[in-house]
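Going letter by letter, the sequence shown gives residues 1480 to 1804 in the numbering used here.
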Amino acid sequence: MDFNLTSLSPVAENSDSMEHVKVLILGAGPAGLSAALYAARAELNPLVLTGNELGGQASLTYTIENYPGFPEGVGGSELGELFKKQAERFGARFEYDLASEVDLSSRPFRVKTYSREYTADSLIIATGASPNHLNIPGEELMVGRGVSYCATCDGWFFKEKKVVVVGGGDSALEEALFLTRFAKTVTIIHRRDALRAGAILQRRANEHEKIHFILDSVVTEVLGEEKVTGVNVKNVKTGEETVVETDGIFIFIGHTPNTQMFAGQLEMDGRGIIIADSLMHTSIPGVFAAGEVMDSTYRQVVTSAGMGAAAAIEATRFLEREEVR
Ligand code: NAP
């Protein structure tokens, strides 16, 4: 296949501060990296702006046990590196840079980073999602001093210490189980009496001797001066408040899509999730979305990777159609 798209591109100059590409991919999680592989294999020479984290949130997971092809599991960051290597083999390029501004009002689309500007005939948005905060007193102040959103990153600092995990979903239980490698005790605090997490994780957590549960309860304050010493916990049914002594609090209460940059330009729902159809098309022709920016249902490495592949196939078809026109 040969796509010569220079006719599409009024802005064709490449200078140090400006570069034109056929396919620009924002984000290097499973969705962005798979999109890079597929766009590269269509010989579109995609450029990926990686954002903060090569491999995305998955790279912060110690072991991924449900990505097909790895019966023994695979390290999160290792999987990201493998995805990248495979895409590079076919010509994908990676810039460790962060998009700061986009202009989708006309094509080519314009994307600014803090150091450069890119124009692109098509854009694949795979900027993922970021962990939600509880927004309670003491939380922001104690980040890095006992408050964490990543057990893989910070668990090691809690050897033989007491930790609390907030949340009742898959992330909370998976990370709680990971923390048992280091911590003396792991107390899961969940706002309801039923967990949201899947059955296997629930069983493993229930059976683990280091894990305890405080249900029907919310954390209302993080306590401590120099470092976390405890959390204030309120029972939502009785209203009773207690202090739970802890050295750390790990918060896993869901995510918010990283889509603020596209507000007012792309159609989104009330939660900031980009509205895309089953072919990954957004409200603007030539702009595609994949992974957690547009999927609030599955949010799995395998589904995000599949969506990234689909977005790249659709971008390829879009560019072919434009070329014919
Ligand atoms: P999630 O499924 O949305 O769960 C978030 C949890 O946090 C829920 O239990 C929720 O309580 C609780 N929560 C939300 N806001 C809260 C607040 N302000 N205060 C206290 N608690 C709050 O998020 P997730 O666990 O990050 O999982 C996201 C997606 O990734 C899911 O689809 C999950 O299946 C997937 N995932 C899969 C795996 C795996 O397959 N191994 C691992 C990780 C994640 P309620 O239950 O009351 O709403």
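Ideal Cβ positions, reconstructed from N, Cα and C, are used throughout, including at glycine.
Limits of the beta strand (DSSP E) - the one that residue i falls within
i	result
S1579	A1578 to D1582
K1716	It is not in any beta strand (DSSP E) - K1716 carries neither H nor E in the DSSP assignment.
T1529	First-last for T1529: undefined, no H or E at that position.
I1504	M1497 to L1505
K1641	K1641 to V1645
Residue i burial status per 10 Å Cβ neighbour count (16 or more: buried)
i	result
Y1628	buried
E1686	exposed
T1776	exposed
P1587	buried
D1582	exposed
R1520	buried
A1673	exposed
Y1575	exposed
N1614	exposed
A1755	buried
Helix, strand or coil at residue i according to DSSP, with G and I counted as helix
i	result
M1740	helix
T1592	strand
A1599	strand
P1610	strand
E1705	coil
L1758	coil
F1692	strand
R1426	Residue numbering for the chain in the displayed model covers 1480 to 1804; residue 1426 lies beyond these limits and cannot be assessed.
G1727	strand
A1515	helix
R1520	helix
E1771	helix
T1699	strand
F1573	strand
Segment limits, alpha helix (DSSP H) that includes residue i
i	result
G1559	G1555 to R1568
E1654	D1649 to L1658
G1785	V1780 to V1803
L1539	Where L1539 is concerned, there is no enclosing alpha helix (DSSP H), given that its DSSP letter is neither H nor E.
E1686	A1678 to E1686
T1631	A1630 to D1633
For residue j and residue i, believed in contact at Cβ under 8 Å, the rounded distance
i	j	result
A1651	F1573	That belief does not hold up - the Cβ atoms of A1651 and F1573 are roughly 32 Å apart, past 8 Å.
H1669	F1692	7 Å
S1579	T1598	Contact doesn't hold; Cβ gap of about 15 Å is too wide.
V1502	P1525	4 Å
M1773	I1753	5 Å
T1664	V1723	Rounded, the Cβ-Cβ distance is 10 Å, inconsistent with contact.
T1699	N1714	Not really, about 11 Å apart at Cβ, beyond 8 Å.
L1528	L1577	7 Å
Practice problem: Could you name the residues whose beta carbon sits closer than 5 Å to any heavy atom belonging to the ligand NAP, keeping them in chain order? | Solution: Taken from the N-terminal end onward, the list reads G1646, G1647, G1648, D1649, S1650, E1653, R1670, R1671, R1675, I1732, G1733 and R1778.
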